[in-house]
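A short worksheet on the structure shown next.
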Amino acid sequence: MIKKPFIAANWKMYKTTGEAVSFAQDIEEMIEDLDVEVVVCPPLTAIKSVSTIIWQDKPNFKLGAQNMFWEEEGAYTGEVSPLMLKELGVDYIIVGHSERRQYFAETDAFVNKKVKSALAHDLIPIMCCGESLERREQGLAERWVNGQIVAGLEGLSPGDIERLVVAYEPIWAIGTGRNALPEDANAMSAYIRSIIAGAYGDELAGQVPILYGGSVKPENISDFMREEHVDGALVGGASLKPDSFAKICMNSIV
Ligand code: PGA
């Protein structure tokens with residue numbers, strides 16, 4: 108079966124609105140006709156411009172946000188709600204990225220609330236998981252990821268699972284230039300699928316796109332895409348330049 112690649116750009120805290128708009132203009136022509144699900148997650152401040160000025164009515168491109176709070180509104184200084192993101196044309200939301208877990212004290216319980224809130228507001232969560240180098244070296248990677256997946260999906264219905272995306276991002280591979288071996292990414296993705304299958308059955312588990320993230324580049328994306336259980340990538344650093352991101356999208360078709 109030929110799978111449609113799913114390539115998501117996580118810009119983190121990079122790009123002013125002007126830079127984001129110019130990126131969107133540059134990339135549009137390069138990847139317009141590719142059969143790839145392309146999701147770009149700009150910083151919050153640039154979402155509206157990219158959405159309304161550039162990418163309105165472009166079925167190939169979707170917008171994502173990097174974070175949200177789970178409530179619709181309230182006295183939560185500095186937070187943004189799912190309703191506010193929907194209004195901007197956002198379809199996807201990254202939840203539980205390791206940088207949010209590390210620097211902003213996000214727990215598995217927070218991640219679960221955000222996943223549920225996203226789904227309730229018609230946003231597709233890209234739920235991140237992944238172990239530290241220490242845990243991998245101790246042989247605890249699977250146990251750690253299992254805990255994150257089970258807690259993150261707690262209370263979800265089968266209908267919710269149909270709209271879920273998971274990203275496996277080993278922390279030691281993020282921003283380091285040291286990507287996981289494609290076969291290791293595949294093994295962990297297969298394991299994640301088996302956890303979901305255990306709770307929801309093989310058919311639903313087979314439909315969940317599982318992305319790999321961590322130092323993905325134009326040179327290594329096709330190796331990941333050739334693996335059975337890797338359906339795409341969540342790309343940080345290499346998604347910031349139009350050329351390199353376009354090449355990743357092109358090379359993801361294997
Ligand atoms: P990287 O980041 O591609 O720069 O390693 C991936 C991510 O954090 O999602």
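So that you can map any letter, position 110 of the sequence shown is 217 in my numbering, and since no number is skipped, the others follow by simple counting. Idealized CB from N, CA, C, for every residue including glycine. Note that this is a predicted model, so its numbers are computed, not measured.
Which whole-angstrom value describes the C-beta separation of R270 and L226, a residue pair presumed to lie in contact below a C-beta threshold of 8 angstroms? 6 angstroms
What is the DSSP secondary structure of M234, counted as helix, strand or coil? strand
Spell out a yes or no on whether the segment 146-154 and the segment 196-204 are touching, meaning 3 or more CB-CB pairs, one atom from each, closer than 8 angstroms. yes
In chain order, what residues have a CB nearer than 6 angstroms to some heavy atom of ligand 1? N117, E276, I281, G282, G320, G321, S322, V323, L341, V342, G343, G344 and A345
What is the C-beta distance between G343 and P316, in whole angstroms, given that I count them as a contact (C-beta under 8 angstroms)? Actually they do not touch by this definition, with Cβ atoms about 18 angstroms apart.
Closest by C-alpha distance to G282, when choosing among I355, K169, A345 and V128: A345
Taking E326 as the reference, give the member of A306, I360, Q314 and D309 with the closest Cα. I360
Is the beta carbon of A280 sitting closer than 8 angstroms to the one on G313? no
What does DSSP give as the partner residues of E144 in its beta bridges? F113
Report buried or exposed for L190, applying the criterion of at least 16 other Cβ atoms within 10 angstroms of its Cβ. exposed
Inter-residue spacing [alpha-carbon to alpha-carbon] between F176 and V218: 10 angstroms
Counting only the same chain and skipping the five closest in sequence on each side, list residues whose C-beta sits under 6 angstroms from that of R242. A248 and W251
So L347 packs on A115, CB below 8 angstroms; how close in whole Å? Actually they do not touch by this definition, with Cβ atoms about 13 angstroms apart.
When A297, E144, V257 and I134 are compared against V157, the one with the closest alpha-carbon: I134
Restricting to Cα atoms, I'd like to know which of G237, T124, G284 and V272 is closest to A294. G237
First through last residue of the alpha helix (DSSP H) which encompasses G320: Per DSSP, G320 belongs to no alpha helix (DSSP H); it is in the beta strand (DSSP E), I317 to G320.
Give the straight-line distance between the Cα atoms of E178 and S224, rounded to the nearest whole angstrom. 7 angstroms
Contacting residues, own chain, Cβ-Cβ under 7 angstroms from Q132 (five flanking each side not counted): I161
Spatially closest choice to P265 from S351, A182, G305 and L311, by CA coordinates: L311
Counting C-beta neighbours from all protein chains within 10 Å, is the total for F211 16 or more, i.e. buried, or is it exposed? exposed
Excluding the five sequence neighbours on either side, which residues of its own chain have a C-beta within less than 8 angstroms of the C-beta of G284, listed in chain order? S322
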